[in-house]
Amino acid sequence: MRSKEFRSKCPIASGLDILGDKWTLVVIRDLFRGMEKFGDFAASPEKIKTNILTDRLKWLEENKIIQRKPYQIKPTRYQYVLTEKGRDLRPILWAIALWGETHIEGTFKVTDKMLGISAGVRE
């Protein structure tokens, strides 16, 4: 398990210590979109390399943002689900998506389906 020492007591800096790399929020986005299995994440359009995906899933589990549950015994395979702590990231992803849509030319329009949100239920 990696150290959970944070670089400061600032909640933004500490949050970025957990979530601030290039791939973590993409994996969380995919969990909100209903992906649960390793192969689902690996097939995402961003083409995350499997060794990086393995690392990010372990990191998210260590930080209690996701939970791993076996769905097959031989060989053992797992599905991944967001914990309450992970589900609390929905409004943050929504805000990032809206910012990207507004300020980055060529990005697609943000939809509720993008983050698994029922129509009209934005947190």
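At position 108 of the sequence shown (counting the first as 1) the number is 108 in my numbering, and the numbers step up by one without a gap.
For glycine and all other residues, C-beta sits at the position ideal for the given N, C-alpha and C.
Within its own chain, the residues whose Cβ lies closer than 6 Å to the Cβ of Lys37, once the five positions on either side in sequence are excluded, are Gln79, listed in chain order. With 16 or more other CB atoms across the displayed protein chains lying within 10 angstroms of its CB, Ile66 is buried. The shortest C-alpha to C-alpha distance from Gly86 to any of Val110, Ala95, Glu61, Pro11 is the one to Glu61. DSSP places Pro11 outside any beta strand (DSSP E); the residue lies instead in the alpha helix (DSSP H), whose first and last residues are 11-19. Counting only unbroken stretches of 3 or more residues, the beta strand (DSSP E) elements lying wholly within the region 56-110 are 66-72, 77-82, in sequence order. Taking C-beta separations shorter than 7 Å and ignoring five residues to either side along the sequence, the partners of Leu89 in its chain run Ile28, following chain order. The criterion of a C-beta distance shorter than 9 Å is not satisfied by Ile96 and Trp59. Counting the other Cβ atoms within 10 Å of the Cβ of Thr24 gives 16 or more, which makes it buried. For Lys37, the beta-bridge partners assigned by DSSP are Gln79.
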